[in-house]
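Inspection log for the structure reproduced underneath, given as structure tokens.
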Amino acid sequence: MRIVTGAGGFIGGHLVRALLEAGHTVRAVDCKPLEEWYQCFGDVENIRLDLRDIDACRSALRGAAGAEVYNLAADMGGMGFIENHKALCMLSVLINTHMLVAARDVGVARYFFSSSACVYNAEKQKDPAVIPLREADAYPAMPEDGYGWEKLFSERMCRHFTEDFGIETRVARYHNVYGPNGTFDGGREKAPAAICRKVIAALNGGTKTIEIWGDGKQTRSFTYIDDCVEGTARLMASSVREPLNIGSSELVAIDQLVSIVEQIAGITLERRYQLDAPKGVNGRNSDNTLIQAQLGWEPTTSLRAGMERTYAWIEQQMLTGRRSTSVA
Ligand code: NAD
């Protein structure tokens, strides 16, 4: 059996689909009502539980001896969310602590934790012409306040559960994952989806402007969802016990990302930069030396190809009036 937590979310939904396609029996867990899950599959045991509670974690893992657990549940969002909800982000430590304890007690075969590039030391991300981040760059620790500290702590807990209790853990540091079936409005959305939404809104509304958070010069790499899911499966099947980057190394400035979306939409907009909006670090890219060495693989989907699919999905959602769940 495979158990996916956060299964009602963006990455969790895609992961459940991939596990089903690979022929596995899947249990999917999330705290959201089922009708709000991005993807919900009939031939899956879908359970609604708030995993901050240890008894809920034990219910999620009932009968899971020998199972593989993918823990993706987290209270999170893009920079607009994590810069303004640091305590909420840190409370995901309850999920991650209780899931590990329940996993140890029931005797799961393998436990996956979705960490983040937000664990990396801020000092190494000050320049838009950033040197790609190697796994070792998480220490000495100075991660993103709130969200990043929680992820780094929970990574560390996985390590010590392996050392002290013998539970096999795998930890991925995801870098800006994007694609269809994710959040595109409501306050938790990330840059790729937000830019698609703004460009489509400008097209539909006949306006000629777009608001961009920051000065547009901050750089990032963006990882297409299919690569994220594939990397997760490869990491889980491997013997790699140290945290591993799962991220594209195609570095772009936010201005370039906007240009890609404009090209897809066939429009050019006047850019208005919001210098006081949350924008995160100045530069961040994934160094893929270790994943290449360990898994012989790295993400390959080009940003242009991934954004075309993402744009098409968001356009369809907006056409039919669908919304993401808003931040409470
Ligand atoms: P998401 O917000 O779409 O999914 C997270 C899911 O967790 C949501 O459906 C939410 O309802 C659920 N959840 C939150 N609190 C819960 C609780 N108490 N009990 C049960 N379920 C709960 O986010 P995502 O983009 O799919 O991210 C999945 C994981 O990957 C998260 O751990 C996130 O921190 C990590 N990650 C994502 C990215 C990215 O770019 N998307 C980057 C780095 C790390």
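Quick note: to get the working numbering, add 709 to the position in the sequence shown (first position is 1). Heads up, the beta-carbon is just placed ideally off N, CA and C, and yes, glycines get one too.
With a 10 Å radius around the Cβ and a threshold of 16 neighbouring Cβ atoms, L1028 comes out exposed. Distances from the CA of D924 to each of W858, P987, K917, L760 were compared; the closest alpha carbon is that of P987.
By the Cβ rule, the region 969 to 981 does not count as touching the region 945 to 954, because fewer than three pairs are nearer than 8 Å.
For the region 979 to 1010, the continuous beta strand (DSSP E) assignments of 3+ residues that do not extend past its boundaries occur at 979 to 983, in sequence order. Distances between the C-beta of Y820 and the heavy atoms of the ligand NAD are all 7 Å or more. When rounded, the separation of the alpha-carbon atoms in C827 and P1008 is 19 Å.
Taking R879 as reference, the option from F822, A962, N991 with the minimal CA-CA separation is F822. The distance from the Cβ of R711 to that of T734 is about 7 Å, consistent with a contact at the 8 Å cut-off. Residues L803, I804 of the same chain have their beta carbon placed closer than 6 Å to that of R761, with the five preceding and five following residues left out of the count. Rounded to the nearest angstrom, the gap between the Cα atoms of V839 and V990 is 10 Å. Sorting A731, C905, N954 by C-alpha distance to the C-alpha of D996 places N954 at the top. For D739, the secondary structure class from DSSP, reduced to helix, strand or coil, is strand. Proximity of the beta carbon of C740 to the ligand NAD is indicated: a heavy atom of the ligand is located closer than 7 Å.
A contact between stretches requires three or more CB pairs, one per stretch, nearer than 8 Å, and the region 955 to 966 meets this requirement with the region 926 to 939.
V938 and H723 have their alpha carbons spaced roughly 7 Å apart. Per DSSP, the beta-bridge partners of E920 are R981. One thing to note: G715 has its Cβ no nearer than 8 Å to the Cβ of L797.
In terms of CA proximity to D752, G732 leads the group G732, I763, A769, L770. R929 sits in a strand when the DSSP states are folded into three classes. With a 10 Å radius around the Cβ and a threshold of 16 neighbouring Cβ atoms, F719 comes out buried. Between A812 and I876, the CB-CB gap stays under 8 Å. According to DSSP, residue pairing for S801 in a beta bridge does not occur. Using a Cβ-Cβ distance cut-off of 8 Å, the region 861 to 868 and the region 878 to 897 are in contact, since at least three pairs of beta carbons, one from each stretch, lie closer than that value. Residue state for A881 is assigned as strand, using DSSP reduced to three classes.
The Cβ atoms of A1021 and I976 lie no closer than 8 Å to each other.
The alpha-carbon separation between Q1001 and G940 amounts to approximately 11 Å. Take the alpha-carbon of D759 and the one of A962: they are about 37 Å apart. In the structure shown, N890 adopts coil according to DSSP, grouped into three states. With contacts defined by Cβ atoms closer than 8 Å, V908 and A974 form a contacting pair.
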